[in-house]
Every structure is written in C-alpha cells, then in structure tokens.
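Residue numbers (the numbering used here): 5 to 168. Where a beta carbon is used, it is the ideal one built from N, C-alpha and C, also for glycine. Each remark here refers to the structure printed beneath this line.
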C-alpha cells in the first residue's frame, strides 16, 4: 500500500519539548477538539491560525522531548497534522504519536532542505520525502511492518479492534 501525505510544512529547530507542543497549563482539558486548539502554542503562536489538515511538521533533533504527556500527540493528531519528520524524536512522544496513528519519520537532514511554507510529499510506506517546492529529496528510515499496520489502521486501538 502506498501511503502518501502532501502538505505545507512548518519548520522548527532542535529540542521542541512537549510543553512547547502542548503547554502544561491545559492538562486539565479532556476534549481532544479543545486540546487541539492549543497545539504548538509554546513554540509558535501563529501555528494554530495557519495549519490545515494534512500539513507537515519538520524539525531538527529531539522533537517531543520532555514530559510524557500524551496531550501533545493528541493535539497534533486531532488538529489533522499529516506527519512529522525530524532528525530524531523524544522516545515517549514518538510512541504516543505512533500509537495514535500519527506518522513520525526519522529523517536526518530534512530540516536543511525545507523552509516554512514549502510543499512536501511524503511516502509513509517507503520513507521518501520530496520537497515539491524545490525538487530536493531525502530518505527517512522506513517503518517496521508492525508500525505500518498501526498507522494503516489509524492507531493501535483501532488496529486491535479491527483484529478481534
């Protein structure tokens, strides 16, 4: 199955932590739609006004480091972020996002070939990322078959439910 995501990119630097992705002052919220309205609030106040479903976040190293709050991944997934590509991720954030069905691709060098607003095409199945604005390409680490099954089912809960 070819699983393609196309969207406008938002580019961030290194060490964007979960408190920047979803500030701790909102941890008492439980409705995913309301949670989503605070996505990236600590890193980029214009993000929520500019992002559209299917858009892609690009980051340098260690995106999602910090606390284990699942709200950070819930906010981005509910908002409709299509994928996140970075040199590396905080491990807990990575698993939270994958388990929710949000593709996070480890893609060394991706931040160097894009700028905010570029259009990027990502083949989730193969890991190939193409900057449609410039034509430059990079290769992300491909997912294991198990992770692909999670993503294709829309998250781990759906995968388990679909396989009962």
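| Do you know how far the Cα of residue 168 is from the Cα of residue 94? | Distance between the alpha carbons of residue 94 and residue 168 is about 31 angstroms.
| query | Tell me which same chain residues have a C-beta within less than 8 angstroms of the C-beta of residue 47, skipping the five on either side of it? | reply | Cβ neighbours of residue 47 beyond the five flanking positions: 16, 20, 24, 25.
| request: Please report the Cβ distance between residue 59 and residue 12, rounded to the nearest whole angstrom; I am assuming they are in contact, meaning their Cβ atoms lie under 8 angstroms. | output: 5 angstroms
| query | How close, in whole Å, do the beta carbons of residue 42 and residue 18 come, if the pair is a contact with beta carbons under 8 angstroms? | reply | At roughly 22 angstroms, the Cβ-Cβ gap does not stay under 8 angstroms, so residue 42 and residue 18 are not in contact.
| query | According to DSSP, is residue 216 helix, strand or coil? | reply | Any question about residue 216 goes unanswered here, given that the chain covers just 5 to 168.
| Using the beta-carbon count (16 or more within 10 Å), is residue 73 buried or exposed? | buried
| message | With H, G and I counted as helix, E and B as strand and the rest as coil, what does DSSP make of residue 37? | response | Under the three-state reduction of DSSP, residue 37 is assigned to helix.
| query | Within 6 angstroms: the Cβ of residue 16 and any heavy atom of the ligand SAH? | reply | Of the ligands one can find in the structure shown there are none, so the ligand SAH has no counterpart to examine.
| task | With a floor of 4 residues, list each alpha helix (DSSP H) that falls wholly inside the segment 83-125, ordered by position along the chain. | result | 95-104
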